[in-house]
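Residue numbers (the working numbering): 7 to 260. Quick reminder that beta carbons are idealized off the backbone N, C-alpha and C, glycines included. The model shown is predicted, which means the values in this text are computed figures rather than measured ones. The next block holds one structure in the form of structure tokens; read it before the comments.
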């Protein structure tokens, strides 16, 4: 079990994991892009993320983020430390959420972050005081709107013949790369580059069946550097070479 209170720095390297204890992540400086249960949020000063135990979550910060982390030992600790606040505290902690802090709560978080939290007395009592305050109420942070998937799909279709990077698609959604990646996986069930790859082979197959273009020309139109790379991608996706796909299409028409 990690210390109850700790200070952590996050960067552009995306973290995707879960843990057996409930965790609260308080923004101190910068912006931390968070994703839980298919919902994205941006944790910054005066905000926190509630991460219940066993909840898989993703987070990362393009420009760097500093946060105060509160790792809650267990229900017995809550009961012993919070007393009559323990029941509303449990309700607060049972669902993933992004919340706003009141000015007083934010001031308490700042005070704890500047305190010697490696001192067990300050850590234990400070965490209990903060949880008791949170149990009194927090406002939900604004929920993220769905990704503009139609615009993203249209952009990919227009640029299949050119190099496509996740940052280009993230820019369309107005999100950082880590947050966009996590949101895209949650909303579509695939990574952004997996989607691009699928559209390339699907469009390549359509051109093979519907036109008389040379295979090398089709490969270039859908973004492959060589005919052999295109052939390998088609074989993985459909189990057939370009020539076999064309022949099957002609046989079906005949």
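### Chain-order list of residues whose beta-carbon lies under 7 Å from that of residue 100 (same chain, five-residue window excluded)
Along the chain shown, one-based indexing puts residue 100 at 94. Closer than 7 Å at Cβ, skipping near neighbours: 58.
Using alpha carbons as the reference points, say which of 66, 61, 39 and 47 lies closest to residue 19. Along the chain shown, read from residue 1 onward, the residue named residue 19 stands at position 13. Of the listed residues, the one whose Cα sits closest to residue 19 is 66.
Going by DSSP, what residue range makes up the beta strand (DSSP E) through residue 2?
This structure cannot settle anything about residue 2, because the visible part of the chain is limited to 7 through 260.
Between residue 123 and residue 11, is the Cβ-Cβ spacing less than 7 Å?
What you label residue 123 is simply residue 117 of the chain shown in a count that begins at 1. What you label residue 11 is simply residue 5 of the chain shown in a count that begins at 1. Yes.
**Asked** Near residue 163, what residues of its chain come up, given a Cβ to Cβ distance below 8 Å and the 5 sequence neighbours on each side ignored?
**Response** Along the chain shown, one-based indexing puts residue 163 at 157. If we look at residue 163 and ignore the five residues flanking it on each side, its Cβ neighbours are 205 and 209.
Where residue 120 falls: helix, strand or coil (DSSP): Taking the first residue of the chain shown as position 1, residue 120 is located at position 114. Coil.
Exercise. Counting pairs of beta carbons, one from the region 212–221 and one from the region 167–184, are three or more of them closer than 8 Å?
Worked result: no
Span separating the alpha-carbon of residue 220 from that of residue 174:
As a first step, residue 220 is located in the chain shown; it is residue number 214 there, counting from the start. As a first step, residue 174 is located in the chain shown; it is residue number 168 there, counting from the start. Roughly 30 Å separates the two Cα atoms.
**Asked** Going by alpha carbons, who is nearest to residue 27 out of 41, 167, 47 and 96?
**Response** On the chain shown, residue 27 is found 21 positions in, with the first residue counted as 1. Per the Cα distances, 96.
Check your understanding: Tell me which same chain residues have a C-beta within less than 8 Å of the C-beta of residue 252, skipping the five on either side of it?
Key -> Counted from its first residue, the chain shown places residue 252 at position 246. Cβ within range, chain order: 214 and 215.
C-beta contact flag for residue 115 and residue 73 at 7 Å = As a first step, residue 115 is located in the chain shown; it is residue number 109 there, counting from the start. As a first step, residue 73 is located in the chain shown; it is residue number 67 there, counting from the start. No, they are not a contact pair.
Enclosing beta strand (DSSP E) for residue 53 [first to last residue]
Your numbering for residue 53 matches position 47 in the chain shown. Residues 53–57.
Please report the distance separating the alpha-carbon of residue 36 from that of residue 186.
The count along the chain shown starts at 1 and reaches residue 36 at position 30. The count along the chain shown starts at 1 and reaches residue 186 at position 180. Each residue's Cα considered, the two are about 18 Å apart.
| Skipping 5 residues on each side, what residues in its chain have a beta carbon closer than 6 Å to that of residue 91? | Position 85 of the chain shown holds residue 91. Result list for residue 91: 138 and 141, in chain order.
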